[in-house]
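K.L.:
To start, I am sharing the structure in question, which I have written as structure tokens.
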Amino acid sequence: MKVKGQWEYLYSAVDSKGNAIDFICLKIEMLRGQTIFQESVDFTTQLIAARDHRR
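Just so we're aligned, residue 374 is where the sequence shown starts under the working numbering, counting upward by one.
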């Protein structure tokens, strides 16, 4: 998508039910952003798994 005339990519993470977990909007050439986002998703997934495990 374009933001202020610059192409950017909206990364989004959803859970198994389709609920949004996290979003990050980065310039397409920022490959490091994808890594940061993936780390965030992994951490969030671990928190959800730990929470669900306690039930």
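Using N, Cα and C, we set each Cβ at its ideal position, and we do this for glycine too.
1. So the beta strand (DSSP E) S385 belongs to, where does it begin and stop?
2. In whole angstroms, what is the alpha-carbon distance linking T408 and D395?
3. Answer yes or no: do V376 and C398 have a C-beta to C-beta separation smaller than 8 Å?
4. Note down the Cα distance separating G391 from S385, rounded to an integer number of angstroms.
P.N.:
Result, derived from the coordinates:
1. Q379 to V387
2. 14 Å
3. yes
4. 11 Å
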